[in-house]
Amino acid sequence: NAGVTQTPKFQVLKTGQSMTLQCAQDMNHNSMYWYRQDPGMGLRLIYYSASEGTTDKGEVPNGYNVSRLNKREFSLRLESAAPSQTSVYFCASSWGNMNTEAFFGQGTRLTVV
Amino acid sequence: GENVEQHPSTLSVQEGDSAVIKCTYSDSASNYFPWYKQELGKGPQLIIDIRSNVGEKKDQRIAVTLNKTAKHFSLHITETQPEDSAVYFCAASTPGGADGLTFGKGTHLIIQP
């Protein structure tokens with residue numbers, strides 16, 4: 018089992034460009050999440066999907082959109098990248114409603130210049 | 196929403212000594228408190244968790260304590276080893292748990308040889 022797989026691992030964008038971060042999990046988890054990690058800020062929730070077919074905003078959703086493509090896949094889209102979106106992005110999954118372990122991917126390091 | 200404070204931001208201990216990291220939370224409804232370890236270049240990984248119906252939990256050299264009245268919980272690592280060097284995050288989740296974890300800002304633990 019691969020667990021949670023994120024692509025790409027690294028990306029450099031110019032201001033105004035768009036891109037989609039991909040995430041897939043093979044644990045049959047119900048819930049999936051996108052976090053961003055900035056120095057000294059911990060991990061902040063961008064969007065989450067409690068179950069297939071639903072998505073909700075987290076703490077810092079502005080500038081992002083998400084799609085829960087199916088139970089396995091949850092993508093994060095930046096429509097018009099800004100330097101403030103330079104960060105490390107982590108996708109995670111969990112069973113969700115039982116407050117059980119969340120499994121994280123390896124992260125995507127995004128730089129917007 | 197939930198707010199989690201974590202202290203200290205950096206902790207340096209001698210190999211073999213104990214390390215203690217403390218967190219407080221604001222939402223009295225939170226009932227699940229995991230601790231994650233993040234090594235350089237990797238995603239966070241769960242090391243121990245505790246639920247609100249338990250006051251203490253231990254797993255080999257790692258223990259977590261929870262004081263619901265004071266709304267704080269702590270991570271204790273005994274007999275520290277070089278491989279314990281990492282960034283540690285506490286987190287809290289409300290009942291249901293599908294809307295994700297709220298993380299503290301992290302503690303960089305340095306084990307001095």
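For the protein sequence lines, the chains are X and L, in the order given.
Under the working numbering, the residue at position 12 of the first sequence is numbered 29, and the numbers go up by one with no gaps.
Under the working numbering, the residue at position 2 of the second sequence is numbered 197, and the numbers go up by one with no gaps.
From the three backbone atoms N, C-alpha and C, an ideal C-beta is built for every residue, glycine too.
Residue i (DSSP reduced to helix, strand or coil)
| i | result |
| --- | --- |
| ASP294/L | coil |
| GLN255/L | coil |
| SER101/X | helix |
| GLU278/L | helix |
| HIS46/X | coil |
| LYS31/X | coil |
| ASP222/L | coil |
| VAL249/L | coil |
| ALA67/X | coil |
| LYS263/L | coil |
| ARG126/X | strand |
| LYS88/X | coil |
| SER204/L | coil |
| THR273/L | coil |
| THR22/X | strand |
| LYS300/L | coil |
| ALA41/X | strand |
| ALA119/X | coil |
DSSP beta-bridge partners of residue i
| i | result |
| --- | --- |
| MET36/X | LEU95/X |
| PRO232/L | According to the sequence provided, residue 232/L is Lys. The question's Pro does not apply to it. Per DSSP, GLN240/L, TYR283/L. |
| ASN82/X | ARG94/X |
| ASP55/X | GLY59/X |
| ASP158/X | An answer regarding residue 158/X cannot be provided, because it is not within the stretch 18 to 130 covered by chain X. |
| SER288/L | TYR227/L |
| SER111/X | SER48/X |
Nearest-angstrom Cβ-Cβ length linking residue i and residue j, presumed shorter than 8 Å
| i | j | result |
| --- | --- | --- |
| GLY301/L | VAL282/L | 5 Å |
| LEU62/X | GLY80/X | Not really, about 14 Å apart at Cβ, beyond 8 Å. |
| GLU210/L | PRO308/L | 6 Å |
| MET49/X | GLN42/X | 7 Å |
| ILE305/L | PHE268/L | Not confirmed; about 22 Å, so no contact. |
Same chain, Cβ closer than 6 Å to residue i, five either side skipped, listed in chain order
| i | result |
| --- | --- |
| ASN198/L | SER221 |
| THR128/X | VAL29, THR103 |
Sequence-distant residues of the same chain with beta carbon closer than 7 Å to residue i, five excluded per side
| i | result |
| --- | --- |
| THR24/X | GLN39 |
| GLU274/L | GLY211, ARG256 |
Cβ of residue i within 9 Å of any chain X Cβ
| i | result |
| --- | --- |
| ASN248/L | no |
| PHE298/L | yes |
| LEU206/L | no |
| GLN240/L | yes |
| PHE284/L | yes |
| LYS266/L | no |
| TYR227/L | yes |
| GLN255/L | no |
CB contact check: residue i to chain L, cutoff 9 Å
| i | result |
| --- | --- |
| VAL130/X | no |
| GLN123/X | yes |
| GLU69/X | no |
| MET44/X | no |
| ASN82/X | no |
| GLU76/X | yes |
| ALA119/X | yes |
| ARG61/X | yes |
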